[in-house]
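Have a look at the structure below, then the notes.
In the working numbering, the protein residues as written are 115 to 303.
Written out as structure tokens, the structure reads:
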């Protein structure tokens with residue numbers, strides 16, 4: 115099962131998320147490298163074992179072409195719930211922007227379908243998104259130069275109404291990200 119030991123809080127979060135998907139087709143989205151697609155369906159068995167969805171499909175994309183493919187668009191468009199797995203938020207933005215994947219997700223948002231995500235999969239859900247397009251930025255570098263090219267931000271990647279005006283940053287305490295968050299806030303206001 116994945117996560118190997120999700121802990122009670124994560125387990126309840128997955129139960130909450132999947133219980134709102136109407137016993138339908140649940141989709142896990144992830145961007146991966148073409149060389150390494152292992153872990154692509156890592157969440158499938160775990161989510162299915164919760165017994166709250168009819169099916170679980172992993173949609174793992176390693177380039178923009180996949181996000182533009184009609185079969186991928188149909189799977190995303192038919193989903194009743196979503197989970198964005200962790201990874202590299204820059205590839206999500208790069209591959210999915212203005213694609214069948216992003217238009218299907220925005221339609222699902224408008225229909226009130228449930229969404230969740232971890233790490234990079236959470237980072238892409240705010241109105242404002244730190245893309246990491248030029249590599250990561252640590253707090254000291256971000257504070258020293260708020261216009262450092264590594265402070266790469268975009269907005270309106272998705273249209274989550276409850277995320278309007280927000281930016282998310284994961285691994286906040288573990289990676290000491292307060293300084294970069296302050297920089298992000300200064301840049302977006």
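Virtual Cβ for every residue (Gly too), placed ideally from N, Cα, C.
Inset, instruction - Using DSSP bridges, identify the partner residues of residue 243. - result: 268
Inset, instruction - Express the C-alpha separation of residue 123 and residue 183 in angstroms, rounding to a whole number. - result: 36 Å
Inset, instruction - Measure the C-alpha to C-alpha separation of residue 283 and residue 220 and round it to an integer number of angstroms. - result: 21 Å
Inset, instruction - Would you give the residue range spanned by the beta strand (DSSP E) that residue 211 belongs to? - result: From DSSP, residue 211 is part of no beta strand (DSSP E); its letter is neither H nor E.
Inset, instruction - Look at the alpha carbon of residue 245 and the alpha carbon of residue 269, and state the distance between them as a whole number of angstroms. - result: 10 Å
Legend entry - Beta-bridge pairing of residue 281 - partner residues as DSSP gives them: 242
Legend entry - Unbroken beta strand (DSSP E) run spanning residue 145, endpoints: 139-145
Inset, instruction - Under 6 Å Cβ to Cβ from residue 131, same chain only, skipping five residues before and after it: list those, please. - result: Within the same chain, Cβ atoms closer than 6 Å to the Cβ of residue 131 are found at 228 and 230, the five residues on either side in sequence being excluded.
Inset, instruction - Grab me the residues of residue 301's own chain with a C-beta within less than 7 Å of its C-beta, minus the 5 sequence neighbours each way, in chain order. - result: So the qualifying residues of the chain are 260, 265 and 267.
Inset, instruction - With a threshold of 16 other CB atoms inside 10 Å of the CB of residue 128, please say whether the residue is buried or exposed. - result: buried
Legend entry - Distance between residue 232 and residue 158 (C-alpha atoms, nearest Å): Going by the C-alpha atoms only, they are around 15 Å apart.
Legend entry - Validate contact between the stretch 190-198 and the stretch 131-143 using beta carbons, cut 8 Å, 3 pairs: yes
Inset, instruction - Mind the definition here: the stretch 271-291 touches the stretch 233-252 only if three or more C-beta pairs lie below 8 Å; say whether that holds. - result: yes
Inset, instruction - Over the uninterrupted beta strand (DSSP E) stretch that includes residue 193, give me the two end residues. - result: Run containing residue 193: none; DSSP gives neither H nor E here.
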